[in-house]
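All residue numbers for the sequence shown refer to numbering that gives the first Met the number 0, where the first residue is 0 and numbers rise by one. Notes to accompany the following structure.
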Amino acid sequence: MERRQLLKTSLAFLGTTTLISFVYPASKFLVPPKNSAKDTPLTIDKDDIPPGTAKEIIFNEIPMVVINRKGSGFIALSRICTHLGCLVGYDKFNNKLVCPCHAGEFDLEGNVLSGPATKALLRYPLKITADDITIG
Ligand code: FES
0 MERRQLLKTS LAFLGTTTLI SFVYPASKFL VPPKNSAKDT PLTIDKDDIP PGTAKEIIFN
60 EIPMVVINRK GSGFIALSRI CTHLGCLVGY DKFNNKLVCP CHAGEFDLEG NVLSGPATKA
120 LLRYPLKITA DDITIG
């Protein structure tokens with residue numbers, strides 16, 4: 000192989016790999032991944048969440064908390080604080096959700112009690128049967 004031919008082949012190879020290194024990530028970004036798990040409902044045994052307790056879950060990549068409110072039943076709320084997006088936690092002793100970042104507080108309906116947040120936490124519908132709670 001002549002030197003000139005070797006140089007042309009090397010440049011063609013480098014050009015092709017460079018092009019692929021740009022096209023492949025761009026195609027992955029533009030085409031959403033197929034995720035059949037997103038369509039699958041999540042079922043929780045009611046006994047896993049006794050009255051006055053909560054269970055933190057991730058459903059469709061959304062951190063949520065399912066709370067069994069004494070006397071009011073189950074509710075599913077997003078744990079993403081509406082102020083700047085930190086994850087709120089359930090405070091079972093004071094019956095509220097508390098954000099660790101700026102001390103935002105939400106009631107068990109997701110409404111703002113205090114702090115910098117102005118919007119309520121997102122609420123997700125639940126299907127409740129005799130034994131189970133289903134989300135999605
Ligand atoms: S992020 Fe929750 S109060 Fe600021």
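Using N, Cα and C, we set each Cβ at its ideal position, and we do this for glycine too.
Please tell me whether, using a cut-off of 7 Å, the distance from the CB of residue 72 to the nearest non-hydrogen atom of ligand 2 is below it.
Ligand 2 is not among the ligands present in this structure, which contains only ligand 1.
Could you check if residue 121 belongs to the surroundings of ligand 1, using beta carbon to heavy atom distance under 7 Å?
Every heavy atom of ligand 1 is 7 Å or more from the Cβ of residue 121, so no.
Distance, Cα to Cα, residue 58 vs residue 41?
Rounded to the nearest angstrom, the two C-alpha atoms are 7 Å apart.
Please report how far the alpha carbon of residue 121 lies from the alpha carbon of residue 70, in whole angstroms.
One C-alpha to the other measures close to 21 Å.
Pairs of beta-carbons, one from the segment 19-29 and one from the segment 65-85, closer than 8 Å: are there three or more?
No, the segment 19-29 does not touch the segment 65-85.
Note down the Cα distance separating residue 94 from residue 39, rounded to an integer number of angstroms.
Their Cα atoms are separated by approximately 31 Å.
What three-state label does DSSP hand residue 118 in the structure shown?
The answer is coil: DSSP assigns residue 118 none of H, G, I, E or B.
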